[in-house]
Structure formats: C-alpha cells, structure tokens
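Contents: one structure, followed by commentary.
What follows is the structure, encoded as structure tokens:
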C-alpha cells in the first residue's frame with residue numbers, strides 16, 4: 001500500500017491527516033485523504049487552513065494505491081475507479097504451460113510495481129508510472145489459456161462462454177479471448193500506460209484481440225456513494241450484493257471468481273423518442289433518483305404487487321427491474337461496468353453503450369438465469385443490443401512470492 | 001458562474017471556505033475549493049476538520065463552472081480540463097445564412113445551460129447535465145460555414161487549411177470540417193452528454209464528420225501547475241505564451257481567434273527502441289523534469305550555444321526544442337492538446353498519439369513558420385506522423401443576448 005513517494009494511505013489517514021490540515025473525502029465507499037493548499041500559481045491566495053500550517057499535497061488522488069498481494073485479486077471488491085480498459089489477448093499457437101508461467105511471472109512483477117507507483121524494470125516511460133491513482137490490474141484466463149496450462153475446464157467449474165441468447169448480435173471483434181486484463185485507475189493516463197506496458201510484456205506470447213475502454217464519473221464530481229449513471233441517463237448498478245455479507249456470491253473459497261464482459265450497445269436515437277414516463281415504465285425506476293416506481297428511495301425494495309388506480313401493477317410485466325429481480329438470493333452477482341462512448345461512423349450521432357462487467361462465484365447458477373429471463377422479456381431490449389461477450393476465470397490473488405495463476409500453473 | 005445547485009465558485013472561495021473547513025486546491029492555475037469530510041460509508045471515521053464542524057460537499061470538482069458569456073469564447077484561456085472531445089461536422093448542402101443563425105441560436109442557448117449545470121430544453125437525459133465539472137464548449141467555423149454565411153474568408157484573414165508538409169500523411173477521416181465543437185470538462189460523462197446533445201441539435205443542419213476524444217491527468221492526481229505529459233512520456237506544452245502578457249498572440253481585437261486541430265500519431269513501438277539518452281537528445285529536454293539539456297528547470301530558457309566537452313552543441317541541430325524555438329517572439333501560439341489512446345487494430349499493441357490543438361491570432365504568421373521548420377528537420381518526426389489536420393475560425397464570445405457567430409451572422 002506504499003507508493004514510491006512514501007505515502008502510505010492508511011497511515012496517512014490515521015496519523016497524518018489532522019496534522020496536515022487535510023480532511024477525509026469519502027469516495028465511493030473508500031477513505032481517501034484529499035489534501036489541499038499547495039502554492040497557487042500566479043500568486044493567488046489560498047483559502048482555508050491555518051496560515052503557516054503545513055499543507056498536504058494536492059495530488060492525493062494520484063498517490064492513492066490499492067493493495068496487490070492477497071488471496072483475492074484486486075479490481076473486484078475495489079470501489080470502482082473512474083477509468084478502465086479491458087484488454088483481451090489471443091495466445092500464440094506455441095504457448096504452453098511453461099510459457100504461461102513466464103508471462104505470469106512478468107505480469108505479476110510488473111503489476112505489483114505499477115499498482116504501487118513504481119516503474120517496472122522494462123518501463124521505457126518510467127515517469128508515467130509515478131501516478132498510481134488506485135490502479136488495479138485483474139487478470140483472467142479464457143478457455144485456451146486453461147487448456148494450455150493443462151487444466152480441465154470442469155475442474156474450475158466455469159463455462160467457456162455464456163449460452164446464446166435471442167437478443168445477442170455478437171461480433172467477433174468484441175467477443176472471446178484467451179486472456180484478459182482489466183485495468184482500472186482514477187486517471188486515464190495511468191490506465192493507458194499500464195495497458196501498453198502489459199501488452200508489450202505479452203508480445204511474444206499473445207496478440208491483442210480487443211480493447212474496450214470505459215469511464216465513470218471522475219473523482220470528486222459526485223457525492224460519495226453515488227451509484228453511477230449510464231449514457232441512457234439511468235442509475236445503473238443499484239442492487240449489487242454486499243461485499244462482505246454476500247462474499248460467497250462473489251468469491252470461491254480459494255479466492256478465485258469469474259468475470260463476464262459483455263458489450264451492450266445503446267440505441268440512443270430511438271431511446272430519445274421515448275418520453276420520461278415511458279422510460280421510467282421500461283425500467284421500473286424513477287429517472288431522477290433511481291427509486292422504484294412503487295416509492296421509497298434508490299436502495300428500497302421494489303413492490304412488484306403494488307397496483308395503480310386501474311388495478312394494473314405499478315411495475316409493468318415487461319419492466320427491466322421486474323424481469324431482473326428474483327426472490328432467489330443466490331441469483332445475484334457483482335456488477336462493475338463502465339460507460340463507453342466511441343467515435344461514431346457512417347453519419348451516426350454517437351456510438352455509445354455499456355461495458356457490462358460482472359463477477360460471480362458461479363456464472364451458470366447466478367448470472368445465466370437472470371440473463372435468460374431478460375432475454376425472454378425485458379422492454380429495455382428494445383434499445384440495447386449485446387454486441388460482445390466473453391467469460392474468464394479469475395484466479396486467486398498472488399500471495400507473497402507467488403505468481404498470478406499459481407494454483408493452476410504452479411510456480 | 002453560478003451552477004444550478006447554487007454554488008458560486010467565487011463567493012464560495014472568498015467567503016465560504018474557511019467556515020466550511022475546506023482548503024483551496026490549486027489546479028492548473030485556477031483556484032478551486034476542494035471540499036471534504038462527508039459521511040463515510042461503512043461507518044469509517046473522517047479524518048481532519050473539527051468534529052461537528054459543517055462540511056462542504058465532496059463533489060466540488062463536479063460543481064465547478066466556467067463562465068460562458070463574454071467577448072471571448074471559453075475553452076481557450078481556460079485552464080485545460082481533464083477530458084475533451086473534438087467534433088467536426090459537415091454542413092448539409094442547403095444550409096444558408098438563415099439556417100446557420102438558427103443552429104447558432106440553439107447551440108448558444110444549450111451551451112449556456114450545459115456549462116452552468118442546467119439541462120437544455122430538449123435534453124432527454126436531464127440528470128446527466130447536473131455535473132458541469134468546468135464544462136466549456138468552443139465553437140469554430142470552417143471554410144464552408146463562412147461561405148454559407150456569405151463571409152469573405154479574407155475578411156477574417158484566416159486560412160482554410162495549413163499548407164501541405166512533407167511529413168504529413170493526412171487522412172480524410174481526421175481532417176477538415178465545416179464546423180467544430182471543442183467540448184472540455186473535468187468529467188468524461190459530462191463531455192459525452194454535451195457532445196451527444198449538441199450533435200443532436202445539429203442533426204438537420206449537419207452530419208458528424210469526425211470525433212476525436214482525448215485526456216489529460218485527472219483532477220487531483222498531479223501537483224497544481226504540472227505541465228501535462230504525452231504518451232511518449234515527455235513533458236508537453238512547456239513554452240506556452242502567457243495568457244495576459246501575450247494576449248495579442250492568442251486573440252484578435254474583436255475577441256476572435258483561430259484553432260488548429262492536428263492528429264499526431266505516435267509510433268511507440270520504434271520510440272521504445274530508443275534509450276533514455278537518445279530520447280532526451282531527440283527532444284533537447286530531460287525526460288524526468290522537462291528541463292533543457294543545458295540545465296535549469298522546466299521553464300528556464302534553453303541555451304542553444306552551450307557546448308559539450310567535444311565542442312558539440314549540447315542541444316543537437318536536429319533536436320525538437322531547437323527546431324521549434326525562435327527568437328521571434330511573434331512565432332508563438334497557445335498549445336492546448338490532449339492525449340488519445342484508441343483501440344488498436346491489426347495486431348498492433350496500441351494506437352496512441354496527441355490531438356495537437358493550438359489557438360493563435362494569426363495562423364500564417366505564428367504557427368506556419370514553426371511547422372515549416374519542424375517539417376524541414378526535427379528528429380521527433382521519426383516517431384510522429386500527422387494523420388489529421390483542420391483549421392477553424394473561432395468567432396468572438398457571445399455577449400448578453402447575442403448568439404455565437406453574431407459578428408458574421410447577425411442575430
């Protein structure tokens with residue numbers, strides 16, 4: 001947790017903040033010291049803080065780090081960072097278990113350095129590594145990587161792909177992959193630098209298959225704990241399981257999990273034709289607060305039985321929230337998605353959507369039943385189209401001296 | 001300067017900060033109150049600040065606004081925001097002066113609302129407008145827009161395009177355009193929403209020709225006043241003119257200016273083959289600090305005469321800094337570029353570069369001579385390739401009751 005510049009987030013928080021005149025800024029469920037009061041270029045005065053008091057650096061967001069070593073990989077339970085890139089790679093034909101071990105040895109070392117704000121040994125742009133900004137890199141294995149490692153897929157009880165759905169319009173260029181890197185940080189330059197370095201590391205082992213970049217609100221722009229909004233304007237990700245109470249839904253006992261990445265294109269042109277009332281009925285939630293149409297606030301339960309004055313259910317049979325919801329508490333999963341907004345082509349106004357990302361202990365038991373229900377009926381399908389899909393096994397975290405994937409690769 | 005939620009940056013700074021226990025955070029030359037101390041989810045304690053003292057919101061970055069009305073458009077002298085999109089549009093064949101007036105009336109009203117955190121009248125995702133995050137939208141006119149307005153290009157003494165350079169490998173898909181929108185904010189979702197809304201506004205007048213998105217370090221990640229780094233790892237933009245002292249280099253008397261947008265692709269694969277010494281010689285500056293190789297700190301003058309122990313100039317004849325520099329103080333311009341890092345294709349590791357953006361009163365007197373020298377000789381040309389180029393006339397700002405482009409369009 002200690003960055004190169006010697007800022008340890010925890011001890012800074014516990015001991016240093018008061019002395020520095022800083023104040024804790026709660027951002028998405030984590031504690032982070034937001035420091036202030038450096039010199040103002042142009043001779044402007046600083047406001048606040050006792051005159052002459054020592055001031056904390058104004059780059060606290062950049063210095064913050066997330067731990068790397070542990071029984072679970074970072075980037076899953078980590079409060080979502082503002083910027084992300086998902087990079088899928090195809091293995092070269094000659095990559096065997098020994099080659100995978102070599103790649104994981106390099107990646108493990110480089111990820112540990114990058115996430116602590118230190119430049120990897122082969123980093124040719126070392127200065128770009130000095131801003132960790134809560135960088136996490138999460139590595140996942142596709143079917144071919146497990147096969148190359150000599151692992152029986154069944155032994156990780158993990159499907160190679162989701163079953164086909166009627167709503168799918170999957171494109172090869174956004175689907176599949178033998179390995180995946182999920183690279184997240186509160187700064188897009190940090191993400192870009194880490195992606196390039198790790199992709200270069202893999203050059204003699206694999207080729208980049210696809211890259212999907214995404215974003216959420218920047219740090220400091222919305223009150224702490226705000227659920228993100230997607231580009232349809234909806235509050236997105238309200239009903240996530242609790243990271244501690246529901247840990248068994250997210251993780252397996254050995255610290256592994258699985259990651260699903262689906263690219264969901266939004267047809268914002270036809271979505272625009274729908275008025276606010278129609279939009280709220282399609283989702284079953286209010287647009288302004290994200291609260292269920294049956295009342296309360298964002299995190300209150302939706303009342304699926306409630307009827308309006310005509311005796312019709314308030315939440316329509318086709319509403320997204322009704323179709324996604326279940327009384328089976330086991331059919332839940334952790335959503336950790338990002339917006340995308342790419343350059344449009346062919347006269348379109350925009351090319352936008354959601355990189356829908358989920359983590360769950362068991363894809364088939366938790367995610368697939370929900371996706372099946374949404375495939376059968378969900379009014380939102382009118383304006384959203386899955387154009388990419390991939391499933392990866394996420395090995396446990398690397399303990400001290402271990403490499404990522406150690407449990408299946410050995411060292 | 002007052003956002004919808006009633007936060008006036010200036011008065012907040014002057015009066016509210018001390019009372020709120022906040023501290024001024026200097027970000028890129030501006031003063032911004034970074035407030036802290038909201039509730040910490042999960043019951044964590046807050047650090048710093050007197051117990052029980054009122055706390056400021058933790059969304060100060062999101063609430064900050066830049067003024068819109070004035071004799072000069074915002075987004076030029078404005079300290080660069082973290083996220084940007086450049087959108088070029090092609091006018092429909094039937095757009096005449098009256099149609100342009102209609103479009104500018106809509107854009108002017110919508111930009112004024114968006115930049116103050118209020119949703120435009122036709123905004124179908126009104127909630128996304130609530131986070132201005134220092135949003136600015138700068139509008140520029142290409143040759144066809146001036147022709148449609150019945151304006152003689154010569155009367156704005158502004159070239160339709162840069163002269164061709166030997167290093168150019170320009171692609172149509174990144175070049176030209178009849179209108180341009182430069183949309184910048186400290187939050188990428190704010191940029192995406194504004195771009196979509198303004199592109200929709202223009203739907204019956206013009207078609208999107210190209211969109212280029214870019215980024216700099218996120219707010220709070222680097223110390224205030226830090227010059228940005230590009231994806232080659234270089235400090236980029238050191239020698240900018242002073243906004244006040246050199247105002248005549250940036251603006252014309254009427255408040256207009258011109259904007260050049262060039263897409264500069266970086267060949268990071270071959271750049272990687274160069275060691276640090278070679279890189280520093282190519283640029284003429286140190287990689288770690290951006291200081292000239294002849295000593296001092298980043299903003300010190302380079303000594304072009306200094307010799308090493310072999311009697312050779314320290315800054316080589318081919319070095320970028322020597323070729324770009326001139327004793328003619330009139331040959332300067334305001335650089336306000338952004339990094340880009342798009343998804344690679346065809347097995348490449350990355351597709352990265354710089355959206356090189358300049359503002360200057362006179363393109364031909366200020367920018368072209370420098371570009372000519374760099375075209376003749378600049379070792380950096382080995383690793384950089386201009387693939388897009390466009391020049392726009394940026395009309396004066398809209399005063400109260402005026403529309404953008406009023407001076408050439410009338411009202």
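Protein chains in written order, with full-length UniProt numbering: chain E, 1 to 411; chain F, 1 to 411.
The C-beta atom is built at its ideal place from N, Cα and C for all residues, glycine as well.
Query, Result
"Residue 240 (chain E) - DSSP class collapsed to helix/strand/coil", "coil"
"Chain F within 9 Å of residue 335 (chain E), Cβ atoms only", "no"
"Local conformation of residue 406 (chain F) per DSSP, three classes", "helix"
"Residue 54 (chain E) at chain F interface by Cβ criterion, 9 Å", "Bear in mind that a pLDDT of 45 at residue 54 (chain E), under 50, signals an unreliable position, so the number given afterwards is only what the model happens to contain. No, residue 54 (chain E) lies away from the interface with chain F (no Cβ there is under 9 Å from its Cβ)."
"Test item: CB-CB of residue 218 (chain E) and residue 352 (chain E) under 9 Å", "no"
"Among E:193, E:316 and E:258, the one whose alpha carbon lies nearest that of residue 358 (chain E)", "E:258"
"Residue 125 (chain F) classed as buried or exposed, judged by whether at least 16 other C-beta atoms fall within 10 angstroms", "buried"
"Assigned exposure category for residue 58 (chain F) - 16 Cβ within 10 Å defines buried", "buried"
"Within the stretch 139-199 of chain F, ranges of the beta strand (DSSP E) (whole runs, at least 3 residues)", "179-185"
"C-alpha gap between residue 95 (chain E) and residue 89 (chain E), whole angstroms", "13 Å"
"Residue-level contact to chain F via CB, residue 196 (chain E), 9 Å cutoff", "yes"
"Secondary structure of residue 210 (chain E), DSSP reduced to three states", "strand"
"Closer than 9 Å to chain F by CB, residue 190 (chain E)", "yes"
"Residue-chain proximity (residue 200 (chain F), chain E), Cβ-Cβ < 9 Å", "yes"
"Proximity of residue 335 (chain F) and residue 373 (chain F) at Cβ, strictly below 9 Å", "no"
"Among E:200, E:240, E:216 and E:193, the one whose alpha carbon lies nearest that of residue 231 (chain F)", "E:193"
"Where residue 283 (chain E) falls: helix, strand or coil (DSSP)", "helix"
"Closer than 9 Å to chain F by CB, residue 339 (chain E)", "yes"
"Option nearest residue 74 (chain F) by Cα separation, candidates F:205, F:284, F:338 and F:185", "F:185"
"Bridge partners - residue 355 (chain F), DSSP secondary structure assignment", "F:263 and F:338"
"Cross-strand partners of residue 253 (chain F) (DSSP beta bridge)", "According to DSSP, which records beta bridges pairwise, residue 253 (chain F) is partnered with nothing at all."
"Check whether residue 138 (chain E) and residue 65 (chain E) have beta carbons under 9 Å apart", "no"
"C-beta atoms of residue 119 (chain F) and residue 129 (chain F) nearer than 9 Å", "yes"
"Three CB pairs or more closer than 8 Å across the stretch 242-255 of chain F and the stretch 266-273 of chain F", "no"
"Residue environment, residue 45 (chain E), which counts as buried when at least 16 other CB atoms sit within 10 Å", "With a pLDDT of 29 at residue 45 (chain E), under the threshold of 50, the modelled position of this residue cannot be trusted, and the question is left open."
"Host alpha helix (DSSP H) of residue 101 (chain E) (start-end)", "97-115"
"Partner residues on chain F for residue 93 (chain E), Cβ-Cβ distance less than 7 Å", "Under the 7 Å cutoff, chain F gives no residues; its nearest Cβ is about 14 Å from residue 93 (chain E)."
"Bridge partners - residue 91 (chain E), DSSP secondary structure assignment", "E:206"
"Interface residues of chain E facing residue 203 (chain F) [CB-CB closer than 8 Å]", "349"
"Where the stretch 69-98 of chain E meets chain F: residues whose CB sits under 7 Å from a CB there", "82"
"Residues from the stretch 96-128 of chain F in contact with chain E, defined by Cβ distance under 8 Å", "124, 125, 126, 127 and 128"
"Coarse secondary structure for residue 366 (chain F), derived from DSSP in three states", "helix"
"Sub-9 Å separation of residue 188 (chain F) and residue 82 (chain F) beta-carbons", "yes"
"Under the three-state DSSP convention, the category residue 227 (chain E) falls into", "coil"
"Length of the line joining the Cα atoms of residue 280 (chain E) and residue 195 (chain F)", "24 Å"
"Within-9 Å CB hit, residue 186 (chain F) to chain E", "yes"
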